[in-house]
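Worksheet for the structure shown next.
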Amino acid sequence: MSALDPEIAGQLAEDLPPAVFRRIIATFETDLGRLTAELQACAVTANADGYQRAAHSLAGAAAAVGAIRLASEARLAMDPLQPEAPATLLPRLSAESRLAIAELHSLAQA
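Right, dumping it as structure tokens:
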């Protein structure tokens, strides 16, 4: 199963000039690193509000580029009623982040 929604990511790759698409990927990758670090810091300090805000930002950024599995995991992290602890969710978010970035880079080279 792909980490990306082929319609969203594929449409971006088709509609945008290659340089613009690569810039979007680079921006997403930068945001992803910042938001992941923020999630981890908020988890360590038990800052639930900050954790939920970072997860919300991550879900939106992921959805915008078609990283649907990452967006789904981030939505779980946003939900204060879901039972999974950050220690369980953060490794999955990291794994999905790596997959999404790899697939976006592959799409940019196609």
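Quick note on numbering: my numbering labels position 82 of the sequence shown as 82, and the sequence is numbered without any gaps. Just so it is clear, CB atoms sit at the ideal spot from N, CA and C, and this is done for glycine as well.
Inspect the beta-carbon positions of E103 and E73 and report whether they are closer than 7 Å.
Not in contact: E103 and E73 (Cβ atoms no closer than 7 Å).
Using only alpha-carbon positions, find the residue among L89, A110, I24, S106 that is nearest to A63.
The shortest CA-to-CA distance from A63 to any of L89, A110, I24, S106 is the one to I24.
Have a look at P18, A110, E38, A48 and flag the residue whose alpha-carbon is nearest the alpha-carbon of L93.
Among P18, A110, E38, A48, the Cα nearest to that of L93 belongs to E38.
Within this structure, are the beta carbons of G12 and A67 separated by less than 7 Å?
This sequence places Leu at residue 12; Gly is not what is there. One thing to note: L12 has its Cβ no nearer than 7 Å to the Cβ of A67.
Answer yes if the stretch 72-91 comes into contact with the stretch 47-55, meaning at least three C-beta pairs across the two stretches below 8 Å, and no otherwise.
They touch, by the three-pair rule.
Give the single residue among L89, T45, A85 whose Cα lies nearest to the Cα of A71.
Distances from the CA of A71 to each of L89, T45, A85 were compared; the closest alpha carbon is that of L89.
Looking at the unbroken alpha helix (DSSP H) that takes in S57, where does it start and where does it end?
Run containing S57: 48-65, per the alpha helix (DSSP H) assignment.
Where A110 sits in the DSSP three-state scheme
The answer is coil: DSSP assigns A110 none of H, G, I, E or B.
On the three-state DSSP scale, how would you describe P17?
The DSSP-derived three-state label of P17 is coil.
To the nearest angstrom, how far is it from the Cα of V44 to the Cα of Q109?
Approximately 37 Å, taken between the alpha carbons.
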